[in-house]
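Scroll down for the structure; my scribbles are underneath it.
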Amino acid sequence: MSIQSAGESRPGSAGPSQQQTQAPRTEPAEALRSGHRTAAVIPAAGRGLRLGPGAPKALRALSGTPMLVHAVRAMARARAVSLVVVVAPPDGADEVRHLLDEHTLPEVVVVPGGETRQDSVRLGLAALPDDVDAVLVHDAARPLVPVETVDAVAAAVRDGAPAVVPALPVPDTVKEVEPCTDGGPEPVTGTPERSRLRAVQTPQGFTLKVLAAAHAQVAREGDGATDDAGMVERMGVEVVVVPGHEEAFKVTRPLDLVLAEAVLARRRVTDGF
Ligand code: CTP
Ligand code: MG
473 MSIQSAGESR PGSAGPSQQQ TQAPRTEPAE ALRSGHRTAA VIPAAGRGLR
523 LGPGAPKALR ALSGTPMLVH AVRAMARARA VSLVVVVAPP DGADEVRHLL
573 DEHTLPEVVV VPGGETRQDS VRLGLAALPD DVDAVLVHDA ARPLVPVETV
623 DAVAAAVRDG APAVVPALPV PDTVKEVEPC TDGGPEPVTG TPERSRLRAV
673 QTPQGFTLKV LAAAHAQVAR EGDGATDDAG MVERMGVEVV VVPGHEEAFK
723 VTRPLDLVLA EAVLARRRVT DGF
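Be aware that the sequence shown starts at 473, since it is given in my numbering, and climbs by one per residue.
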């Protein structure tokens with residue numbers, strides 16, 4: 473196992489050795505024949521402000537293991553994924569490389585991220601070798617996504633969808649409001665029909681061509697896009713939804729850490745994992 477920086481070694485040239493070092497990785501036969509590969513890009517460069525003070529969110533521990541390590545394992549376990557690119561906090565790429573090196577992981581490329589998630593994903597895409605033609609973008613902040621969800625997204629892209637998002641029905645009724653920053657009551661401007669709403673998760677899967685075009689064309693506005701599929705939609709490309717999973721929730725606030733620990737405790741009992 474080795475951790476690379478995109479600057480130290482061309483990711484493209486790392487391809488064959490990655491496949492050698494990744495033990496029982498069964499690449500789909502069609503992908504091997506055509507030389508096409510699916511890569512995962514994991515944006516992990518956020519600070520985790522909503523989680524409260526402490527280390528960058530991706531480096532905080534769940535059951536003693538950094539969230540990012542859980543997320544990398546979740547993607548690397550997927551049969552279709554043959555390369556993982558981690559986008560680290562801009563000043564923390566070396567730390568992330570050392571951290572991943574301490575854990576038994578398949579080969580991972582680490583690149584420094586940007587100011588916004590949109591910037592970080594763009595920097596991750598730039599590190600992909602030429603033989604990658606499909607990409608899964610997965611938040612480090614969703615460390616517990618089951619491999620079945622990752623496989624389902626990858627399969628839908630391989631089956632011809634240019635953009636695929638896992639999503640779940642929304643339990644709460646959702647209101648649209650005129651946002652008010654001073655804490656006053658916010659006027660409601662609409663109530664979308666709940667049965668037509670879906671809460672979107674990651675990994676989101678794309679043909680690389682489509683996602684790279686979206687990141688090249690959609691200019692950053694404000695804090696940037698929080699959702700890659702939204703950028704693709706703006707280009708007029710169809711995005712489809714496959715079933716998400718409740719364990720693919722995003723660790724955002726302190727209570728989410730409690731839920732994540734509970735999920736891991738249940739897995740230890742039921743799967744011995
Ligand atoms: N992310 C990133 N680069 C950024 C901002 C976010 O790679 N400049 C990543 C985060 O590390 C996370 C994912 O995008 O894995 C989803 O973002 P979010 O949940 O908002 O994480 P943070 O931005 O870290 O959290 P917060 O918004 O509370 O600060
Ligand atoms: Mg954020």
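Glycine is no exception: its CB is placed at the ideal position from the N, C-alpha and C atoms. None of these values were measured; they are calculated from a predicted model.
Asked                                                                                                                    : Found
DSSP state of residue 677 mapped onto helix, strand, coil                                                                : strand
Where residue 609 falls, given that 16 or more other Cβ within 10 Å makes a residue buried                               : buried
Status (buried if at least 16 other CB within 10 Å, exposed otherwise) for residue 530                                   : buried
Any non-hydrogen atom of the ligand CTP within 7 Å of residue 563 CB                                                     : no
Proximity test, residue 518 beta-carbon vs the ligand MG heavy atom, cut-off 7 Å                                         : yes
Those residues which DSSP pairs with residue 639 across a bridge                                                         : 672 and 715
Cβ-heavy atom distance, residue 631 to the ligand CTP, below 7 Å                                                         : no
Buried/exposed call for residue 677, threshold 16 Cβ in 10 Å                                                             : buried
Beta-carbon proximity list for residue 742, same chain, < 7 Å, skipping 5 on both sides                                  : none
Check whether residue 593 and residue 513 have beta carbons under 8 Å apart                                              : yes
DSSP-derived helix/strand/coil call for residue 512                                                                      : strand
Among 685, 651 and 723, nearest to residue 659 - alpha-carbon criterion                                                  : 651
Buried/exposed call for residue 633, threshold 16 Cβ in 10 Å                                                             : buried
Residue 746 versus 642, 521 and 661, residue with shortest Cα-Cα distance                                                : Because residue 746 is not part of the residues shown, which for the chain are 473 to 745, the question remains open.
Straight-line Cα distance separating residue 569 from residue 725                                                        : 26 Å
Between the CA atoms of residue 635 and residue 729 - distance to the nearest angstrom                                   : 30 Å
For residue 621 and residue 438, the rounded distance between their alpha carbons                                        : As shown, the chain starts at 473 and ends at 745. That puts residue 438 outside it, with no answer to give.
Residue 589 beta carbon near the ligand MG (any heavy atom closer than 7 Å)                                              : yes
Pair within 8 Å by beta-carbon distance, residue 684 and residue 626                                                     : no
CA nearest to the CA of residue 588, picked from 695, 595 and 645                                                        : 695
Reduced DSSP secondary structure (H/G/I, E/B, other) of residue 554                                                      : strand
heavy atom of the ligand CTP below 7 Å from residue 720 C-beta                                                           : no
Nonlocal neighbours in the same chain, by C-beta distance under 6 Å from residue 703, ignoring five residues either side : 686, 690 and 697
Check: residue 559 C-beta below 7 Å from any heavy atom of the ligand CTP                                                : yes
Ordered list of alpha helix (DSSP H) runs contained in the segment 578–628, each at least 4 residues                     : 589–598
Sheet register partners of residue 662 (DSSP bridge)                                                                     : 648
Check: residue 585 C-beta below 7 Å from any heavy atom of the ligand CTP                                                : yes
Proximity test, Cβ basis, 8 Å: residue 589 and chain D                                                                   : Of the protein chains in this structure there is only one, and it is not chain D.
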